[in-house]
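**Student:** Below is a structure I'd like to ask you about.
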Amino acid sequence: KAHKVVVCRNFGPDAMSLLKGTPELDLVIWPDDVGCDRAWLMDNIPGATGVVLTLSDKVDPELMSRAGPSLKVVSTMSVGYEHIDLRAAAQRGLKIGYTPDVLTDAVADLSVMLALMASRNAGTAVSVAQSGDWPNYPWLPFAFCGPQLSTTTTSPTRKVGFLGFGRIAQATLARLVPFGIIHCLYTSNPTSPPNHKRDAELVSKYQLQAITKVDLDELACESDFIFVLAPGGRDTYHIVNENFLKQMKKTSVLVNASRGTLVDSDALAKALKEGWIWGAGLDVVEGEPKITADHPLVKEPRCVIIPHIGSATLETRKDMAVRAAKNLIEAIRGGQMPAQVDLSSYL
Ligand code: GLV
Ligand code: GLV
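Here our numbering is used: position 271 in the sequence shown is 303, and no number is missing along the way.
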């Protein structure tokens, strides 16, 4: 008997042919890559065994109830799963597939890009050239200057801080080593003990002076660049708030390439306006995609914002889509998903 599977958008030729080539699946497909709306999903989910979707599609108890007891598998093409109610999923015994690892390098690349863009005023600089305004910006000794990411003879002790120190943060650190970074601070889930063995290995692999697990206050005070690379959700909601931003250095830069909900946008706008920090680079903003020109952060010249494109490389997005398809197929066949979210803490 075929399993009904709802596919919420076109996931590209590779993933779609994997799904279409699996005889056990009875596919209900939204044909374009913009994706279905909530009403279509609610109409089509009843009786489905599985659903393939992205972070734009909310998986809440209402959707799960509508699907009914047939629903077994939710496969998301994303590493984040803030859009899925994990507690409700655990209670219903759902399997949740996601796409870690394949996007680590792309997001780490982009995190470095945001650090450079924000620190070097690239947002404003690009718009000067694009708007034909270069004649009004002759080469001036101190125009566009911002803090340097790489170490210099006069400032040899750049410290980078990671709020969250998982795969993407560690891959970002690896990219900063050739910039001369030898001192790394991080915070991570307070319930997990420091991982001294891993940290010692990273120190020796990258010839660092130190990797130190610190608390949030110390991370804020000591870091020259702070990378927010932790999962969203209740535990990290507005973890970067007014108190955190007030403790940061006036010359420091904040990068967020994880979820918008970790940063209090109003507090960040105030911090930028009043000069508590030097600048910010954001791939994600709370409330996205409804971020328009009147948003307080969009109006801040020292805030570089790009519209959630962290993993958007040709190679990585294809790998993510294929992994999402494989997660779904394996789970429906009763096998082990290549990457399944661990729900044991919700049971
Ligand atoms: C992107 O934000 C993802 O979760 O994959
Ligand atoms: C910059 O273009 C320089 O020549 O220093």
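For glycine and all other residues, C-beta sits at the position ideal for the given N, C-alpha and C.
1. What's the call for residue 66, buried or exposed, on a 16-neighbour Cβ count within 10 Å?
2. Return helix, strand or coil for residue 155, following the three-state DSSP convention.
3. Determine the DSSP secondary structure at residue 337, reduced to helix, strand or coil.
4. Is any non-hydrogen atom of ligand 1 found closer than 7 Å to the C-beta of residue 340, if you look at the structure I gave you?
5. CB residue 90 to CB residue 58, shorter than 8 Å?
6. For the region 266-275 and the region 286-297, state whether three or more C-beta atom pairs, one from each stretch, are separated by less than 8 Å.
7. Using only the heavy atoms of ligand 1, determine whether one of them is closer than 7 Å to the beta carbon of residue 111.
8. Just the C-alpha distance for residue 317 and residue 323, rounded to the nearest angstrom, thanks.
9. Could you give the residue range of the alpha helix (DSSP H) that holds residue 376?
10. So which of 109, 159, 128 and 333 has the shortest CA-CA distance to residue 43?
11. Please confirm whether any heavy atom of ligand 1 lies closer than 7 Å to the CB of residue 31.
12. Under the rule that 16 or more other beta-carbon atoms within 10 Å means buried, what is residue 336, buried or exposed?
13. On a Cα-Cα basis, can you pick out the residue from 88, 86, 61 and 360 that is closest to residue 76?
14. Over the uninterrupted alpha helix (DSSP H) stretch that includes residue 235, give me the two end residues.
15. Along the alpha helix (DSSP H) that carries residue 305, what are the first and last residues, could you check?
16. Could you compute how far the alpha carbon of residue 227 sits from the alpha carbon of residue 201?
17. Checking 8 Å against the spacing of the C-beta atoms, do residue 122 and residue 379 come in under that value?
18. So, helix, strand or coil for residue 160, using DSSP?
19. Could you compute how far the alpha carbon of residue 179 sits from the alpha carbon of residue 127?
20. So, at 7 Å on beta carbons, what are the nonlocal neighbours of residue 277 in its own chain, with the 5 sequence-adjacent residues on each side left out?
21. Heavy atom of ligand 4 less than 7 Å from the Cβ of residue 87, yes or no?
22. Only counting the same chain, and skipping five residues up and downstream in sequence, which positions put a Cβ closer than 7 Å to that of residue 305?
23. Going by beta carbon distance, what residues of the same chain come within less than 7 Å of residue 273, once the five residues before and after it are set aside?
24. Give a yes or no on whether the minimum CB-CB distance between residue 45 and chain B is below 8 Å.
25. Any idea what DSSP makes of residue 177, helix, strand or coil?
26. Just how far apart, CA to CA, sit residue 181 and residue 232?
27. Of the choices 96, 156 and 251, whose alpha-carbon is the least far from that of residue 194?
28. If we ignore side chains and look at the alpha-carbon of each, how far apart do residue 151 and residue 160 end up?
**Tutor:** On the basis of the data shown:
1. exposed
2. helix
3. strand
4. Relative to ligand 1, the beta carbon of residue 340 is positioned inside 7 Å of a heavy atom.
5. For the pair residue 90 and residue 58, the CB atoms are not nearer than the 8 Å cut-off.
6. Yes, they touch.
7. yes
8. A direct Cα-Cα distance of roughly 8 Å separates residue 317 from residue 323.
9. Looking at the DSSP string, residue 376 is not in any alpha helix (DSSP H), and its letter there is neither H nor E.
10. When only C-alpha atoms are compared, the closest one is 109.
11. As shown, the chain starts at 33 and ends at 379. That puts residue 31 outside it, with no answer to give.
12. buried
13. 61
14. 228-238
15. For residue 305, the uninterrupted alpha helix (DSSP H) segment begins and ends at 297-305.
16. 15 Å
17. yes
18. helix
19. Per the coordinates, the alpha-carbon of residue 179 lies some 45 Å from the alpha-carbon of residue 127.
20. 299, 300, 303, 308 and 309
21. Questions concerning ligand 4 fall outside what the structure shown contains, since the ligands it does hold are ligand 1 and ligand 2.
22. 332
23. 296 and 299
24. Given the protein chain composition of this structure (a single chain), no chain B is represented.
25. Coil.
26. So the two alpha carbons sit approximately 24 Å from each other.
27. 251
28. 16 Å
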